[in-house]
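Report on the following structure.
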Amino acid sequence: MAVPRTHRLQRLTGWGVASVVLMGVASCQGRQPAAFQGPPALPVDVTKATVETVNDLTEYLGALEATEQTILRPQIQGRIVSVAVQPGQIVSVGQPMFVLDSEQVEADVAAANAEVARQEAQLRDAKITFERQKFLADQGVVPLQNLDNARRELQTAQAQLKAAQQNAVAKSVNVQYKTVRAPINGLVGDIRLKIGDFVDTGAELTTITRNNQLFINIPVPTVRIPQLRKGQPVKLLDPFSKNILATGAVDFVSPVVQQNLQTVLVKVVVPNADGLIRNGQIVQSEIVWDRKEAVLVPTQAVTPLAGANFVYVVEPKPNSPDQFQVRQQKVELGSIFNNRYQIRSGLKPGETVATTNLLSLTDKATVKPQTPNASR
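Note that the numbering used here numbers the sequence shown so that position 26 is 433, with each residue one more than the last.
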């Protein structure tokens with residue numbers, strides 16, 4: 408029986424599709440699937456955690472104070488006729504600094520001397536009167552009451568003369584106050600007054616600061632009290648450059664604890680013969696408590712995260728010794744020594760840590776460790 412043409416075409420088409428499918432299957436069976444390729448290894452600089460002897464120290468920020476400072480004030484009023492010093496000049500006790508021209512002082516002295524002369528005259532008259540009344544009383548010519556009155560007038564005149572003389576001396580002393588002298592040794596401060604300016608009694612002329620020895624007060628926690636001792640050295644550093652400015656020594660430890668802060672006041676005296684530091688200067692004080700061994704890593708190896716600190720430890724992959732990965736390790740930090748953190752716990756000496764590309768790292772990430780020089 409003859410097959411219709413349309414049926415023959417359907418058969419041929421069916422065989423063609425089957426052939427294509429079989430060829431596709433055969434083709435797939437002839438090729439192996441490619442293995443999964445992960446992200447490329449991230450290059451990181453590495454360094455080893457080292458053990459070194461470091462200082463257990465505490466740093467404090469504070470202002471230096473002069474052991475002695477005074478404000479120079481005149482004891483009389485007057486017009487400035489001479490300024491004998493310059494700001495920043497070193498002066499000695501008794502050295503003239505200002506001279507005042509006080510007309511009032513001269514007038515007061517003249518008036519006091521005139522009063523002394525008047526009282527001397529009155530005393531001479533009282534003496535003559537007393538002698539006369541005494542002679543007459545001895546002769547019985549005048550009553551004794553007259554003699555008593557003369558004696559009282561004589562005593563009054565003597566007392567008034569003594570008071571006038573004391574006043575004259577006091578007024579004369581004021582003359583020496585026309586020259587204002589340095590009361591202490593030290594460094595002259597700013598001088599804003601000039602010749603011709605009028606100043607009142609007690610007005611500020613300038614300051615004198617004894618700058619050859621300074622001190623600083625440090626609040627030290629009570630837990631450190633057993634480690635404090637008189638004479639203990641204290642370094643003073645510039646808070647910005649960290650350069651050493653001077654070295655002082657503990658001079659006083661307060662017996663009283665500030666209860667709200669649980670600290671004790673420690674006074675450190677600082678010699679300053681060369682004058683390199685000044686009163687009021689802000690410095691960083693450094694007290695060394697002990698020396699000990701510590702594990703150190705560069706500060707750039709530490710990553711803060713969610714209130715904790717981590718390092719990325721570089722180690723071989725478990726099944727691929729020639730490849731490396733990182734392990735995110737939580738650490739406890741101590742003080743910073745020359746841009747390196749002290750690691751109190753969480754890291755062993757000799758372990759390798761990453762120092763670059765930390766923000767791109769995750770736990771178990773594949774890395775390519777390299778020395779810092781090789782990365783440049």
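Where a beta carbon is used, it is the ideal one built from N, C-alpha and C, also for glycine.
Alpha-carbon spacing of residue 718 relative to residue 738, whole angstroms: Translated into the one-based positions of the sequence shown, residue 718 becomes position 311. Translated into the one-based positions of the sequence shown, residue 738 becomes position 331. Between residue 718 and residue 738, the C-alpha separation is close to 7 Å.
Out of curiosity, what's the CA-to-CA distance linking residue 624 and residue 616? Position 217 of the sequence shown, counting from 1, holds the residue named residue 624. Position 209 of the sequence shown, counting from 1, holds the residue named residue 616. Taking the straight line joining both Cα atoms gives about 18 Å.
Bridge partners of residue 485, per DSSP? Along the sequence shown, one-based indexing puts residue 485 at 78. Residue 485 is bridged to 606.
How many angstroms separate the CA atom of residue 571 from the CA atom of residue 531? In the sequence shown, the residue the question calls residue 571 occupies position 164. In the sequence shown, the residue the question calls residue 531 occupies position 124. Roughly 15 Å separates the two Cα atoms.
Using the Cβ count rule (16 or more neighbours within 10 Å means buried), how would you classify residue 747? The residue given as residue 747 occupies position 340 in the sequence shown. Buried, because 16 or more other Cβ atoms sit within 10 Å of the Cβ of residue 747.
Helix, strand or coil at residue 618 [DSSP, three-state]: Counted from its first residue, the sequence shown places residue 618 at position 211. Strand.
Considering only residues of the same chain and omitting the five flanking positions on each side of residue 436, which have a CB-CB separation below 8 Å? Taking the first residue of the sequence shown as 1, we reach residue 436 at position 29. Because the pLDDT at residue 436 is just 47, under 50, the model does not fix this residue reliably, and the point stays unresolved.
Is DSSP giving residue 563 helix, strand or coil here? In the sequence shown, counting from the first residue as 1, residue 563 sits at position 156. Correct three-state label for residue 563: helix.
Would you identify the three-state DSSP class for residue 480, choosing helix, strand or coil? Counted from its first residue, the sequence shown places residue 480 at position 73. Here residue 480 sits in coil by DSSP.
When the distance is taken between beta carbons, is residue 536 closer than 8 Å to residue 557? On the sequence shown, position 150 is the one that residue 557 refers to. On the sequence shown, position 129 is the one that residue 536 refers to. Cβ distance < 8 Å, so residue 557 and residue 536 count as in contact.
Please classify residue 613: is it buried, with 16 or more other beta-carbons within 10 angstroms of its beta-carbon, or exposed? Position 206 of the sequence shown, counting from 1, holds the residue named residue 613. Per the 10 Å Cβ criterion, buried.
Under a Cβ-count criterion, where at least 16 other Cβ atoms within 10 Å of its own Cβ denotes burial, should residue 694 be classed as buried or exposed? In the sequence shown, the residue the question calls residue 694 occupies position 287. Under this definition residue 694 is a buried residue.
Sheet register partners of residue 717 (DSSP bridge): Within the sequence shown, the letter at position 310 stands for residue 717. Bridge partners of residue 717: 710, 737.
How would you label residue 500, buried or exposed, when you count the other beta carbons within 10 angstroms and need 16 or more for buried? Locating residue 500 in the sequence shown gives position 93, where the first residue counts as 1. With fewer than 16 other Cβ atoms within 10 Å, it is exposed.
Consult DSSP for residue 435 and reduce its assignment to one of helix, strand or coil. The residue you call residue 435 lines up with position 28 of the sequence shown. Any reading at residue 435 needs caution, since the residue's pLDDT is 43, under 50, leaving its predicted position unreliable; the model's value is listed next. Note: residue 435 maps to helix in three-state DSSP.
Per the contact definition of three or more C-beta pairs closer than 8 Å, is the segment 594-610 in contact with the segment 557-567? no
Boundaries of the alpha helix (DSSP H) in which residue 535 is found, first to last residue: Here residue 535 is taken as the residue at index 128 of the sequence shown, counted from 1. It spans 510-545 - the alpha helix (DSSP H) in which residue 535 sits, taken as one unbroken run.
Between the Cα of residue 691 and the Cα atoms of 659, 446, 470, which residue gives the shortest distance? As a working mapping, residue 691 is identified with position 284 in the sequence shown. When each option's Cα is compared against that of residue 691, the closest is 470.
Contact check, residue 540 vs residue 567, beta carbons under 8 Å: Walking along the sequence shown from the start, residue 540 turns up at place 133. Walking along the sequence shown from the start, residue 567 turns up at place 160. Not a contact, by the Cβ cut-off of 8 Å.
Taking Cβ to Cβ, would you say residue 772 is nearer than 8 Å to residue 736? As a working note, residue 772 is residue 365 in the sequence shown. As a working note, residue 736 is residue 329 in the sequence shown. No.
Closest by C-alpha distance to residue 649, when choosing among 454, 459, 467, 460: As a working note, residue 649 is residue 242 in the sequence shown. Ranking 454, 459, 467, 460 by Cα distance to residue 649 puts 467 first.
Of all the beta strand (DSSP E) runs that stay within the bounds of the segment 738-776, which reach a length of 3 or more residues? 747-752, 759-761
Per the contact definition of three or more C-beta pairs closer than 8 Å, is the segment 699-719 in contact with the segment 653-670? no
Per DSSP, what are the beta-bridge partners of residue 699 in this structure? On the sequence shown, residue 699 is found 292 positions in, with the first residue counted as 1. Answer is 461.
Would you kindly report the start and end of the unbroken beta strand (DSSP E) that includes residue 368? Outside the displayed range of the chain (408 to 783) lies residue 368, so it cannot be described from this structure.
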